Amino acid sequence: MHSHDPATGAPDFHPVGTGVGAATGGVLAGAAAGAVTGGPVGAVVGAAVGAFAGGLAGKAVAHRIDSDLEDNFWRENHAAQPYAGPGTTYEDYSPAYRYGVSTFETYRGRPFDDVDTELGRDWGQYRGRSSLEWEQARHATRASWERLNRQYPEDTADRS
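Counting in this note's numbering, the sequence shown runs from 1 upward without gaps.
Here it is in structure tokens:
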């Protein structure tokens, strides 16, 4: 299941990675351009150019995570997870696995326990038709998150 750009229909749409990259790139480039030119016009131009370049960089980072690969992994391995109780299916937990994948980029570099409260607060908006409460979904989201931590250790190094 690829994410598709809602405007173009193009596969591998990563709005979080693109947005984070755009915001970061825009701010940094805008500040640099403003400092060089000494005025607000330079900051505006720099922010626009930086947002574009940052968006591309953010998309590149997010693109490294293959949502189809993650979805297939959890589909094949869900039943073996300790939280997969009798009467539950992959479909019950799939929104929680996807939540782990999508929020990994948002909170990259922070331990799961540090963002658990925020993730739990936002689960109600993300869960869609999932019947799982956060207390249940947390386990699958954490498992997804920790799998990505192992795959992308350079992204999760302790930054303290």
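Heads up, the beta-carbon is just placed ideally off N, CA and C, and yes, glycines get one too.
Just so we're clear, the structure is a prediction, and the values are computed from it rather than from any experiment.
Counted within 10 angstroms of its Cβ, other Cβ atoms place P86 as buried (16 or more) or exposed:
exposed
Distance, G39 Cα to L69 Cα:
47 angstroms
What three-state label does DSSP hand Q81 in the structure shown?
coil
On the premise that D92 lies in contact with S131, defined as a C-beta separation below 8 angstroms, what is that separation, rounded to the nearest angstrom?
7 angstroms
Looking at the unbroken alpha helix (DSSP H) that takes in R64, where does it start and where does it end?
Per DSSP, R64 belongs to no alpha helix (DSSP H) and is neither H nor E.
From the DSSP output, in three-state form, read off S131 for me.
coil
Less than 8 angstroms between the CB atoms is what I'm expecting for G100 and W134, so what's the real figure, rounded?
The pair is not a contact, with the Cβ atoms about 13 angstroms apart (cut-off 8 angstroms).
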